[in-house]
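The letter at position 5 of the sequence shown is residue 12 when you use my numbering, and the numbering goes up by one with no holes.
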Amino acid sequence: MAFECPQCSGNVVVKADEALLVNEIGRYSGSTFYGLSGASATTPLTRLQINADADWTLTVGGVDTARQVAAPPVDGTGDQVLLIDDPADVATLTHDGTGNFAVWAVSSSDSDLVVNEIGDYTGTVMLPDDGGRLMVVVEADGTWSLR
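Take a look at the structure:
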């Protein structure tokens, strides 16, 4: 799902059932994925709660709404969901920001939190390699890259 609140100045919260998908202060534009872990991975979405102090837009869709990428390298800013057609089994990730930088790699058979750090980050991680496309969910407050 994609959420935009370009005029927000206070706390912006998007909750899907019990999963906190967005929790930012001020303007927000990004995409995320519901169902990565816990109960949300097996239970259909039944409720959404949105707290924002300005007009907002929410777009709900499936995997087809992710940013389509043929192969790395990929650069981005903020929260994004990527669908990589030809992923490598190892990636170097960078983040230039002050907040949480979390990256999930989701294959047809598994999901794995491959990075969960605060602030700037550079590191190499293993990615699932089941021969198919790979969904990568990035949570970031700054610019990032996947190589």
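All C-beta atoms, glycine included, are put in the ideal place defined by N, C-alpha and C. On a predicted model such as this, the values are computed, not experimentally measured, just so you know.
Boundaries of the beta strand (DSSP E) in which residue i is found, first to last residue
| i | result |
| --- | --- |
| PHE40 | First-last for PHE40: undefined, no H or E at that position. |
| ALA95 | Where ALA95 is concerned, there is no enclosing beta strand (DSSP E), given that its DSSP letter is neither H nor E. |
| ALA26 | 26 to 32 |
| ALA23 | 18 to 23 |
Coil, strand or helix - residue i by DSSP
| i | result |
| --- | --- |
| THR72 | helix |
| GLY221 | The structure shown has nothing for residue 221, since the chain only spans 8 to 154. |
| LEU52 | coil |
| GLU11 | strand |
| GLU146 | strand |
Opposing strand residues paired with residue i [DSSP bridges]
| i | result |
| --- | --- |
| LEU120 | TRP111 |
| SER152 | ASP82 and THR101 |
| VAL2 | For the chain, the structure presents residues 8 to 154; residue 2 sits outside this window and is missing. |
Other residues of its chain near residue i: CB distance less than 6 Å, five sequence neighbours each side excluded
| i | result |
| --- | --- |
| GLY2 | Residue 2 lies beyond the range of the chain shown here (8 to 154); nothing can be said about it. |
| ASN30 | VAL20 |
Anticipated Cβ contact below 8 Å, residue i with residue j, distance rounded
| i | j | result |
| --- | --- | --- |
| VAL88 | VAL144 | 5 Å |
| THR50 | ALA9 | Not confirmed; about 22 Å, so no contact. |
| ALA95 | LEU134 | 7 Å |
| GLU146 | ALA112 | About 13 Å separates the two Cβ atoms, so there is no contact after all. |
| VAL76 | LEU100 | Actually they are not in contact, since the Cβ atoms of VAL76 and LEU100 sit about 14 Å apart, beyond 8 Å. |
| ASP218 | LEU52 | The structure shown does not extend to residue 218, since the chain is modelled only from 8 through 154, so no value can be given for it. |
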